[in-house]
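Here's the structure we're looking at; comments come further down.
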Amino acid sequence: MNVSVVGAGRVGTAMAVLLGRAGHRIVAVSGRAPTRDRASRFLSDVPFLDPADAARAGELVLVGVPDDDIPTVVGQIAGAGGFRSGQWVAHLSGASGLDALAPGRAAGARPLALHPLQTFPDVGGALERLPGCAMAVTAEDAEGYVVGERIADDIMARPFRLDDAMRPLYHAGAVFASNYLIVVSAIAEDLLRRAGVPDPVHAILPLQRASLDNVERLGPAEALTGPAVRGDASTVERNLGALQGSAPEVVAAYVELCRAALELASVAGRLPVARRAAVEAVLARWS
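Quick note: to get my numbering, add 844 to the position in the sequence shown (first position is 1).
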């Protein structure tokens, strides 16, 4: 297909490069100054046009702008006559649904939502990580799913079908898996540094990698270790006391994560009722 990219960020640029390698024709790129810079490096032979002209040139229009901007940008393109009947328009947001593309649909374009379940710090990283990653595909009908899956296949991703109504829940799961993992890592780094551990990031990386390896091998319920799954109420009490003295801002996070760990351990049948109750009594005093 002829492919246009409106808002060639890290993911959109990498997808365009990979689709070009797969035999599709990248016919236009549009966006702000950072997009132009990326395009000049990775898509140097592709014309840089205004959004409506870029969209008009493509059979598939990839919209890679920030989530909140998708309806506005698509509406502006539709208002300028950038869409036509039978054209495909796809956004790359995880949480947004097909309704974000409503102005394009009203102009005759057919909507798709594609989201790679991966994190991309830059275009180079995206080029390495898109192949092999899972990709959520949402469409209005069977033909749309086939087209979305073909796009994913062509960049060597692993497509799966995701109901439109489930996209916000799906994305919340992705946020926990990636964004909040980094936040928790930052908290751990800070606490270890305050405790006097040298180079805490490198100190915790083997622990974190082993934990994720255990999740892959055993699943989360069996991989869980620590005071919650053991029902060690006194350890939890000491942890919280130390946090109150040195980092009171993370006490609430510790309490809620401990509660989640108790639930996971209990559902897995790994935590006796009495020991869970003892830990919950500690948490209640710190809530």
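Where a beta carbon is used, it is the ideal one built from N, C-alpha and C, also for glycine.
Using C-beta distances below 7 Å, list every residue in its chain close to L1108, excluding the 5 sequence neighbours before and after it, in chain order.
Within the sequence shown, residue 1108 is the residue found at index 264, counting from 1. Excluding sequence neighbours, L1108 sits near P1064, A1065, L1068.
Quick check on A1118: buried or exposed, where buried means 16 or more other Cβ atoms within 10 Å of its Cβ?
Here residue 1118 refers to the residue found at position 274 when the sequence shown is read from its first residue. Exposed: under 16 other Cβ atoms inside 10 Å.
Measure the CB-CB distance between R1038 and A1091 and report whether it falls below 9 Å.
Within the sequence shown, the letter at position 194 stands for residue 1038. Within the sequence shown, the letter at position 247 stands for residue 1091. In this structure, A1091 lies closer than 9 Å to R1038 by Cβ.
Can you pull the DSSP bridge partners for W932?
Walking along the sequence shown from the start, residue 932 turns up at place 88. Bridge partners of W932: L904, R954.
Would you decide whether Y1098 is buried or exposed? Buried here means 16 or more other CB atoms lie within 10 Å of its CB.
In the sequence shown, residue 1098 corresponds to position 254, counting from 1. With 16 or more other Cβ atoms within 10 Å, it is buried.
Less than 8 Å between the CB atoms is what I'm expecting for V847 and G902, so what's the real figure, rounded?
Walking along the sequence shown from the start, residue 847 turns up at place 3. Walking along the sequence shown from the start, residue 902 turns up at place 58. That pair is a contact at about 5 Å.
Measuring straight from C-alpha to C-alpha, what distance separates L1152 and A953?
Residue coverage of the chain in this structure runs from 845 to 1131, which leaves residue 1152 outside it and unanswerable.
So, for S1022: in the same chain, excluding its five sequence neighbours on each side, which residues have a beta-carbon less than 6 Å away from its beta-carbon?
By 1-based counting over the sequence shown, the position of residue 1022 is 178. Cβ neighbours of S1022 beyond the five flanking positions: T963.
Taking M979 as the reference, which of S884, R885, R1002 has the closest Cα?
Locating residue 979 in the sequence shown gives position 135, where the first residue counts as 1. It is R1002 whose Cα lies nearest to the Cα of M979.
Which of the three DSSP states, helix, strand or coil, is assigned to R1120?
For the purposes of this step, residue 1120 is taken as the residue at position 276 of the sequence shown. R1120 falls in the helix class under three-state DSSP.
Rounded to the nearest angstrom, how far is the Cβ of V907 from that of V890, given a contact under 8 Å?
Position 63 of the sequence shown, counting from 1, holds the residue named residue 907. Position 46 of the sequence shown, counting from 1, holds the residue named residue 890. The Cβ separation is near 16 Å, so there is no contact.
For G976 and G992, I'd like the C-alpha separation in whole angstroms.
Numbered from its first residue, the sequence shown carries residue 976 at position 132. Numbered from its first residue, the sequence shown carries residue 992 at position 148. If I take the Cα positions, the gap works out to 16 Å.
Give a yes or no on whether the C-beta atoms belonging to A922 and A950 are separated by under 9 Å.
Indexing the sequence shown from 1 puts residue 922 at position 78. Indexing the sequence shown from 1 puts residue 950 at position 106. Yes. Within cutoff.
DSSP three-state call for H959: helix, strand or coil?
If you number the sequence shown from 1, residue 959 lands on position 115. H959 falls in the strand class under three-state DSSP.
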